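> In UniProt numbering, the protein residues as written are 1 to 346. Even glycine gets a Cβ: it sits at the ideal position worked out from N, Cα and C. The structure presented is a predicted model; accordingly, all values stated were derived computationally and were not measured. Okay, handing you the structure first.
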Amino acid sequence: MFNKQKEMLEAIQNLTTTVNKMRAGNVKAAPTCDPKPQGNIVIIGGQARCAGKHGGVDNKLLDSVEVYSLANRTWSKLAPMKHKRAATTAHFYNGRVMVTGGRCDNNVTRSIEHIQIPGENVPVRAPLDALLAAELPFECYGHKTTILNDYMWLVGGSLNSKKSSCSNAIYTKPLHSTDNFLVKCRMPEPLSYHGLEVVDNELLIIGGTTTGLARDIVKTVLSYNIATSELRKVHPLPFPMADMATVKHGDDVIIIGGVNKENKYLNTVFKYNHKKRVCERLPDMKYKRDECAAVISGNKVFVMGGNNSEEGCLSSVECFDLELHVWHELPSMSEAKFKIAAVLVP
Numbered sequence: 001m002f003n004k005q006k007e008m009l010e011a012i013q014n015l016t017t018t019v020n021k022m023r024a025g026n027v028k029a030a031p032t033c034d035p036k037p038q039g040n041i042v043i044i045g046g047q048a049r050c051a052g053k054h055g056g057v058d059n060k061l062l063d064s065v066e067v068y069s070l071a072n073r074t075w076s077k078l079a080p081m082k083h084k085r086a087a088t089t090a091h092f093y094n095g096r097v098m099v100t101g102g103r104c105d106n107n108v109t110r111s112i113e114h115i116q117i118p119g120e121n122v123p124v125r126a127p128l129d130a131l132l133a134a135e136l137p138f139e140c141y142g143h144k145t146t147i148l149n150d151y152m153w154l155v156g157g158s159l160n161s162k163k164s165s166c167s168n169a170i171y172t173k174p175l176h177s178t179d180n181f182l183v184k185c186r187m188p189e190p191l192s193y194h195g196l197e198v199v200d201n202e203l204l205i206i207g208g209t210t211t212g213l214a215r216d217i218v219k220t221v222l223s224y225n226i227a228t229s230e231l232r233k234v235h236p237l238p239f240p241m242a243d244m245a246t247v248k249h250g251d252d253v254i255i256i257g258g259v260n261k262e263n264k265y266l267n268t269v270f271k272y273n274h275k276k277r278v279c280e281r282l283p284d285m286k287y288k289r290d291e292c293a294a295v296i297s298g299n300k301v302f303v304m305g306g307n308n309s310e311e312g313c314l315s316s317v318e319c320f321d322l323e324l325h326v327w328h329e330l331p332s333m334s335e336a337k338f339k340i341a342a343v344l345v346p
């Protein structure tokens, strides 16, 4: 009897201590469930394969724009772009989707196009900003861009469709100014089909190819510090890869799919952290995906499209839960395509 009373007294004392700690903010409440992802995923352009005139297979560039509702899990189509584009980049900015460069029919373009998203408010100055940033400094595809503090940053890219030549420059331009693009830095080697993410004040330039060819794919990761203009090599990838999709999650970069130096398609997924100097392998995707696209919403990574040697062009969509470390499939896009761009519209 005495032992039971003692146990009850200790339990009451422990409960009192815990309550006091919670009041003082020393004990964190249990995490809440991850909310249902919100917003829309916009898929822009790309390349599809169709039957050729003489029984072969032709590549067809696309001007299509389609939207996936995360809340409703449904796809719908928007009005097409002015130009067909593949291997382009896209960002949600000023209430619209900004699309830059890419392959355009048989040519390569430097133009920048803006896509209106139904229901999104567009700032009054958006049309003026579009005129101020009407084109890139050169025609390119396989390049990477990012927008940070109303500045556009442009890194690398293949320069034309006939020669294996790539840019080694890092450019920047204020989006609210008539100023031209300015070269801020030169990389040790030219790059295209690389990854680009911003972590704090650093541009992380991940993998890619120095000529546009698989044999010249690298495993290098470069860091360019926007504040100090310092360019340095950081922790490398586990092996050379290019054509990957990337998303940022905190200080981590999730690296998805792509192709290796032997021109083999990849279904690998890595969590890369240059500060901790680690590159952790995560569960593989169901499908190998080269030149796919990805976005992140909360703790969910959404991967769309791509290409591989088994299934060819893919219309499928896979979703990865960063907490549970599991993949599951979502409704497919309306058409199979690769070399696509994707943005999340909150």
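Taking just the CA atoms, how far does Y141 sit from L154?
To locate residue 154, count along the sequence shown from 1; it is residue 154. To locate residue 141, count along the sequence shown from 1; it is residue 141. Spanning the two alpha carbons is a distance of roughly 11 Å.
> Identify the continuous beta strand (DSSP E) that holds Q116 and give its terminal residues.
Taking the first residue of the sequence shown as position 1, residue 116 is located at position 116. Counting along the chain, the beta strand (DSSP E) containing Q116 begins and ends at N107 to Q116.
> In chain order, what are the residue ranges of uninterrupted beta strand (DSSP E) at least 3 long that sit wholly in the region 248-311?
If we require 3 residues or more, the beta strand (DSSP E) runs fully inside the region 248-311 come out as 252-256, 269-273, 278-282, 293-297 and 300-304.
> Does DSSP put P346 in a helix, in a strand, or in coil?
Residue mapping note: residue 346 aligns to position 346 of the sequence shown, counting from 1. Residue state, collapsed to three classes: coil.
> Considering only residues of the same chain and omitting the five flanking positions on each side of H328, which have a CB-CB separation below 6 Å?
The residue labelled residue 328 in the question sits at position 328 within the sequence shown. Once the five neighbours on either side are set aside, the close Cβ partners of H328 are C319.
> Could you tell me the distance, in whole angstroms, from the CA atom of P123 to the CA atom of V97?
Position 123 of the sequence shown holds residue 123. Position 97 of the sequence shown holds residue 97. Going by the C-alpha atoms only, they are around 13 Å apart.
> What are the uninterrupted segments assigned as beta strand (DSSP E) that are 3 or more residues long and contained completely in the region 137-165, given in chain order?
Listed in chain order, the complete beta strand (DSSP E) runs (minimum 3 residues) inside the region 137-165 are 144-148 and 151-155.
> If I measure Cβ to Cβ from E261 and keep anything under 7 Å in the same chain, skipping five residues before and after, which residues do I get?
Against the sequence shown, residue 261 aligns to sequence position 261. The identity of residue 261 in the sequence shown is Lys, whereas the question assumes Glu. So the qualifying residues of the chain are A214, R215, I217 and P240.
> From which residue to which residue does the beta strand (DSSP E) around N40 run?
In the sequence shown, residue 40 corresponds to position 40, counting from 1. Per DSSP, N40 belongs to the beta strand (DSSP E) from N40 to I44.
> Out of C185, D200 and C292, which one is the CA nearest neighbour of I170?
As a first step, residue 170 must be located in the sequence shown, where it is residue number 170. The candidate whose alpha carbon is nearest that of I170 is C185.
> I'd like to know whether the C-beta atoms of A90 and I44 end up nearer to each other than 8 Å.
Stepping through the sequence shown from its first residue, residue 90 is reached at position 90. Stepping through the sequence shown from its first residue, residue 44 is reached at position 44. Cβ atoms of A90 and I44: closer than 8 Å.
> Does the beta-carbon of Q38 have 16 or more other beta-carbons within 10 angstroms, so that it is buried, or is it exposed?
Indexing the sequence shown from 1 puts residue 38 at position 38. Looking at its Cβ environment, which holds fewer than 16 other Cβ atoms inside 10 Å, Q38 is exposed.
> Cα separation between E202 and V253?
Here residue 202 refers to the residue found at position 202 when the sequence shown is read from its first residue. Here residue 253 refers to the residue found at position 253 when the sequence shown is read from its first residue. Distance between the alpha carbons of E202 and V253: 12 Å.
> Measuring CB to CB, does H194 end up less than 8 Å from K144?
For this step, residue 194 is matched to residue 194 along the sequence shown. For this step, residue 144 is matched to residue 144 along the sequence shown. Cβ distance < 8 Å, so H194 and K144 count as in contact.
> Determine the closest residue to Y265 out of K233, P238 and E311, with distance taken between C-alpha atoms.
The count along the sequence shown starts at 1 and reaches residue 265 at position 265. Minimum Cα distance to Y265 is reached at E311.
> Pick helix, strand or coil for P174, following the three-state DSSP scheme.
The residue you call residue 174 lines up with position 174 of the sequence shown. Three-state DSSP puts P174 in a strand.
> Between the Cα of V65 and those of S76, N72, D58 and A71, spot the shortest distance and give me the residue it belongs to.
The count along the sequence shown starts at 1 and reaches residue 65 at position 65. Per the Cα distances, S76.
> Taking T146 as the reference, give the member of C292, G305 and L196 with the closest Cα.
Numbered from its first residue, the sequence shown carries residue 146 at position 146. Nearest C-alpha to T146: L196.
> By the three-class DSSP mapping on this structure, what secondary structure does D129 have?
As a working mapping, residue 129 is identified with position 129 in the sequence shown. In the structure shown, D129 sits in a helix (DSSP, three-state: H, G or I).
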